[in-house]
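Protein chains: 2
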Amino acid sequence: MSAWLPPGPRTLVGIGDDAAVLATPDGRVVATTDFLLEGRHFRRDWSSAADVGHKAAARSLADLAAMGAEPSALLVALAAPADLPVSWARELAQGLAAECARASRGGASVIGGDTARADSVILAVTGLGDLAGRAPVRRSGAAPGDLVAVAGPLGHSAAGLALLTAGLSRGDLVARGDLVARGDLVAAHLRPAPPYDAGPEAAGLGATAMIDVSDGLLADLGHVAAASGVRIDLALAALRPGDGLLTAARAVRDAARHDSSARTAPGSRPAPADTQPAEDALGWVLSGGEDHSLAATFPPGTRLPPRWRVIGAVRPGHGVVVDGQPWAQAHGWDHFA
Amino acid sequence: MSAWLPPGPRTLVGIGDDAAVLATPDGRVVATTDFLLEGRHFRRDWSSAADVGHKAAARSLADLAAMGAEPSALLVALAAPADLPVSWARELAQGLAAECARASRGGASVIGGDTARADSVILAVTGLGDLAGRAPVRRSGAAPGDLVAVAGPLGHSAAGLALLTAGLSRGDLVARGDLVARGDLVAAHLRPAPPYDAGPEAAGLGATAMIDVSDGLLADLGHVAAASGVRIDLALAALRPGDGLLTAARAVRDAARHDSSARTAPGSRPAPADTQPAEDALGWVLSGGEDHSLAATFPPGTRLPPRWRVIGAVRPGHGVVVDGQPWAQAHGWDHFA
Chain E
2 MSAWLPPGPR
12 TLVGIGDDAA
22 VLATPDGRVV
32 ATTDFLLEGR
42 HFRRDWSSAA
52 DVGHKAAARS
62 LADLAAMGAE
72 PSALLVALAA
82 PADLPVSWAR
92 ELAQGLAAEC
102 ARASRGGASV
112 IGGDTARADS
122 VILAVTGLGD
132 LAGRAPVRRS
142 GAAPGDLVAV
152 AGPLGHSAAG
162 LALLTAGLSR
172 GDLVARGDLV
182 ARGDLVAAHL
192 RPAPPYDAGP
202 EAAGLGATAM
212 IDVSDGLLAD
222 LGHVAAASGV
232 RIDLALAALR
242 PGDGLLTAAR
252 AVRDAARHDS
262 SARTAPGSRP
272 APADTQPAED
282 ALGWVLSGGE
292 DHSLAATFPP
302 GTRLPPRWRV
312 IGAVRPGHGV
322 VVDGQPWAQA
332 HGWDHFA
Chain C
2 MSAWLPPGPR
12 TLVGIGDDAA
22 VLATPDGRVV
32 ATTDFLLEGR
42 HFRRDWSSAA
52 DVGHKAAARS
62 LADLAAMGAE
72 PSALLVALAA
82 PADLPVSWAR
92 ELAQGLAAEC
102 ARASRGGASV
112 IGGDTARADS
122 VILAVTGLGD
132 LAGRAPVRRS
142 GAAPGDLVAV
152 AGPLGHSAAG
162 LALLTAGLSR
172 GDLVARGDLV
182 ARGDLVAAHL
192 RPAPPYDAGP
202 EAAGLGATAM
212 IDVSDGLLAD
222 LGHVAAASGV
232 RIDLALAALR
242 PGDGLLTAAR
252 AVRDAARHDS
262 SARTAPGSRP
272 APADTQPAED
282 ALGWVLSGGE
292 DHSLAATFPP
302 GTRLPPRWRV
312 IGAVRPGHGV
322 VVDGQPWAQA
332 HGWDHFA
């Protein structure tokens, strides 16, 4: 795949030797590894090869950003069936390279990897990043009084997955006038767009803790609360789902009701009045995973740029609460397997 | 698994955050990723969990040594069935940590990773290493006149695999008096022991090219010959299999003949006089993979320490030859899948 993966400015030895050599002028390297597994994290009938490349890269690159680092390089281990088309591998490589370019103005690149045969497509992507002299932003530094803020969307990937799972075609949604919402949300699931720059930006603003939202906001802030020994109190008013999520939730509900009424005997009780879509959409915001947005805590009084939305505050105690109360519907994100 | 994986001296942020942070005082990091897949690279009925940990680590750590680097850290992505016993994961982690300790006096350690569910055990291990100010030893620097030398065994892993595949039990070999050979060779397959120190040593001696023998000597030196634009001429006399390999080859042949005669009608022609084991054993030396020994080229006249055995010379031309001739039986190593 090396022909499709040009070296970057920090690549001293690239693809094709026993190992790569990457410049780390900071004297430290930030490193993370993540799987992207067919059937668990993506389906080849929903995702193009380029989508898979973008998403595999984004999972690791967002982890680097969440430490306050700028991405430098990826190593990509790819196992695939023998009949995987060459064009699929090429488009995968192009997706990986394009996401690297999106993630780093300094020029991140794929510097190495491995290939093997397997019954399904298996990707394990290692991201390497640079702190440029800054301290890493860990999960453990949040202190009572800090602001809690998020950069990037919440629940969009989960909504897109729900639309795909409900089988809502483009045609269905054109008929409803909802195509724009669907397109954005399905794209957010297939090809999440983490706000990479916001990671080093948060570090520069003095962020005390940071995490990328991969398992769901409540679950991931739960990791921050546990590591920091604090309670995180989210403000429900700051987390209300937007019109796009509400529209998607109604469409998914309508599709489910249509399915269910098709199986229901005539004369049976009609569905109750529908307050459920708003709850579904809020569930996506609080518990949906894979948006790879960044959630961080900042000292009180920090002036945040507009893309950081304040969603709560850090308190003494433990766990994550919403308007001071435990959130009963909180579930971790378990992909779709 | 973090409880079983202590941080090393270069670990600035270890397991449990979005990403790890590793000290790279050299200003560069050497990086490589390798799969170890159940059913392709190991079988759980043959390999203990600790064996799998050792082998998974060795594959990446040997790649670092082959660049002349000292290993610093591993990141381990592990996908496994839901019913994988906790004890198996614990012993896997212990094997990974123990191989790190074997690989680096400076203290390599597992600094991060990922876990997921899959139908079989999938490991993708990233190795990170340090060049301590030395230039990396690439595949492309061999020049006509250079010596070709190897550190570590050749063909031992292939012989061990052949013994396992032939179903030769410990009891069979005790009866033959061959148990010691079997034990060593099967261990060499299940838990290869790369001569890690020989990598930085070769760099210090001025090695012009280096590679680890993972696909077989002829195949791997073929990569060096191609990258360097040279011919590598091996001396058959330097590659004669030792008694252990010859004993194993005879045992494997005897087992195959026993199987075959059990299926042959009485009165059929007896097997021909047996010159085959010596050829089989030589085939393991030349084409067996997964020993993770190091093969390197050195300027003529380099005084090599005893563990480096001279096996040939670099000539103008291309490809790999044995005593000046193409080796007809040359096959790359294709594991056992």
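Chains as they are written, first to last, in the working numbering: chain E, 2 to 338; chain C, 2 to 338. Don't be surprised by glycine CBs; every beta carbon is placed ideally from N, CA and C. Here the structure is a predicted model, which means the values were calculated and not measured.
One Cα belongs to S48(E), the other to L191(E), and the distance between them is close to 6 angstroms. Counting along the chain, V321(E) sits inside the beta strand (DSSP E) bounded by residues G320 to V323. For G114(C), the secondary structure class from DSSP, reduced to helix, strand or coil, is strand. In the DSSP annotation of this structure, the continuous segment of the alpha helix (DSSP H) that includes G96(C) starts and ends at V87 to A104.
Against chain C, the CB of R118(E) has a partner CB under 9 angstroms away; the residue lies at that interface. Nearest to A208(E) by C-alpha distance, out of V311(E), T116(E), L219(E) and A117(E), is V311(E). Below the 7 angstroms Cβ cutoff, chain C contributes P137 and R139 as neighbours of V14(E), in chain order.
The C-alpha of A189(E) is placed about 17 angstroms away from the C-alpha of S61(E). Chain E places no beta carbon closer than 9 angstroms to that of P86(C), leaving this residue out of the contacts. The criterion of a C-beta distance shorter than 9 angstroms is not satisfied by S294(C) and D234(C). G313(C) is bridged by DSSP to V149(C) and L235(C).
Per DSSP, the beta bridge partners of R29(C) are A24(E).
Listed along chain E, the residues sitting closer than 7 angstroms to T127(C) by beta-carbon distance are T34, L76 and T127. Taking W89(E) as the centre and dropping the five residues before and after it, the same chain places the C-beta of A50 closer than 6 angstroms to its C-beta, in chain order. Each residue's CA atom was taken as its position, placing L23(C) and G9(C) some 9 angstroms apart. When only Cα atoms are considered, G17(C) and A236(E) end up about 27 angstroms apart.
G200(E): member of the alpha helix (DSSP H) spanning A199 to G205, first to last residue. Counted as a single uninterrupted DSSP element, the stretch harbouring L132(C) is not any beta strand (DSSP E), since DSSP gives it neither H nor E. For P301(C), there is no enclosing beta strand (DSSP E), as DSSP marks it with neither H nor E. Here the C-alpha atom of H55(C) lies approximately 5 angstroms from the C-alpha atom of E100(C).
Residue pairing by DSSP puts D213(E) in a beta bridge opposite L295(E). Considering only beta carbons, the part of the segment 3 to 29 of chain C lying closer than 7 angstroms to chain E consists of L13, V14, D18, D19, A20, A21, V22, L23, A24, T25, P26, G28 and R29, in chain order. Looking at the DSSP output, V126(E) bridges to D35(E) and V77(E).
Note that the C-beta distance between V126(E) and L97(E) is below 9 angstroms. Here the alpha carbon of V122(E) sits roughly 17 angstroms from the alpha carbon of H42(C). When CB distances to chain E are screened at a threshold of 7 angstroms, the residues of the segment 48 to 66 of chain C falling below it are D64 and L65, in chain order.
Per DSSP, T12(E) is not a residue of any alpha helix (DSSP H); the beta strand (DSSP E) it occupies stretches across T12 to V14.
V321(C) is outside the set of residues whose beta carbon lies under 9 angstroms from a beta carbon in chain E. Within the same chain, Cβ atoms closer than 6 angstroms to the Cβ of A80(C) are found at A117, A119 and I123, the five residues on either side in sequence being excluded. Nearest neighbour of A297(C) by Cα position, chosen from L206(C), T33(C) and P7(C), turns out to be L206(C). Just measuring C-alpha positions, the residue of V53(E), G28(E), A67(E) and G128(E) sitting nearest R91(E) is V53(E). Shown in chain order are the members of the segment 205 to 223 of chain E whose Cβ falls below 7 angstroms from a Cβ of chain C: I212 and D213. When beta bridges are read from the DSSP output, E280(C) appears opposite no residue.
The C-beta distance from Q277(C) to R254(C) rounds to 6 angstroms, short enough to meet the 8 angstroms contact threshold.
Spanning the alpha carbons of G320(E) and A163(E) requires a straight line of approximately 28 angstroms.
If you ignore the 5 residues before and after A59(E), its C-beta comes within less than 7 angstroms of the C-beta of E100, P193, P195 and H293, all in its own chain and listed in chain order.
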